[in-house]
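J.: The structure follows.
Residue numbers (this note's numbering): 1 to 180.
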């Protein structure tokens, strides 16, 4: 059995591919405000916010996703289409990561290569790549996230909680961009 794996998820959003990509490329420091239940802090350690090879330190929380107690009330409002995702973190665990980013402006792709942190207690290598692509009909974009990883051993589970978190963050960012 191989210790290397890949998880992929595609999320349709209403925001433009340019807006989504630019937030992750140049304004990622807004994530603690946009998706505060998952991302508590993003600090720049080397480089600048929008360059390849920038190094950032993250404080984040992972856990079980559950329906938000506010989701029903949000659905009753006019702005429910623009509301953040209807999920929140339950039984979360505070974690840290240090990553180096690679940006690809031409393909609107950004890759986060984990260098240090809690995830490397279970994985030898871990990277997350997000690519935003405009829909042909102009009705928004599709964001494809790919998690490439190598487990330390066969007892380590797939990083499904990271996929869940990325989906929620993507939906929160989309709502933020639509409300801006």
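Glycine included, every Cβ here is placed at the ideal spot set by N, Cα and C. This one's a predicted model, so the numbers in the text were calculated from it and none came from an experiment.
#1: May I have the straight-line CA-CA distance separating residue 176 from residue 10, to the nearest angstrom?
#2: Looking only at DSSP bridge pairs, what is residue 14 linked to?
#3: Around the C-beta of residue 23, are 16 or more other C-beta atoms found within 10 angstroms, so that it is buried, or is it exposed?
#4: Contact check, residue 133 vs residue 141 under 8 Å by CB: the rounded distance?
#5: Whole angstroms is fine: what's the gap from residue 147's alpha carbon to residue 139's?
#6: Rounded to the nearest angstrom, what separates residue 151 and residue 137 at their Cα positions?
#7: Would you report the Cα separation of residue 183 and residue 165, rounded to the nearest angstrom?
#8: Would you mind listing the alpha helix (DSSP H) stretches within the stretch 102-149 that are 4+ residues and don't spill past its ends, in chain order?
#9: Beta-carbon within less than 8 Å of residue 153's beta-carbon, same chain only, minus the 5 sequence neighbours each way: which residues are those?
#10: Among the residues of its own chain, which have a CB less than 6 Å from the CB of residue 94, if the five just before and after it don't count?
#11: Could you please give me the residues that DSSP links to residue 60 through a beta bridge?
#12: Using alpha carbons as the reference points, say which of 109, 178, 179, 135 lies closest to residue 12.
#13: Tell me whether residue 3 sits in a helix, a strand or coil according to DSSP, three-state version.
T.: From the atom records:
#1: 19 Å
#2: DSSP output for residue 14 lists no bridge partner at all.
#3: Counting of Cβ neighbours within 10 angstroms places residue 23 among the buried residues, the total reaching 16 or more.
#4: 6 Å
#5: Rounded to whole angstroms, the separation of the alpha carbons of residue 139 and residue 147 is 26 Å.
#6: The straight-line gap from Cα to Cα measures roughly 40 Å.
#7: The chain is shown only over 1 to 180; residue 183 falls outside these bounds and no answer can be derived.
#8: none
#9: 3
#10: 61
#11: 39, 95
#12: 135
#13: coil
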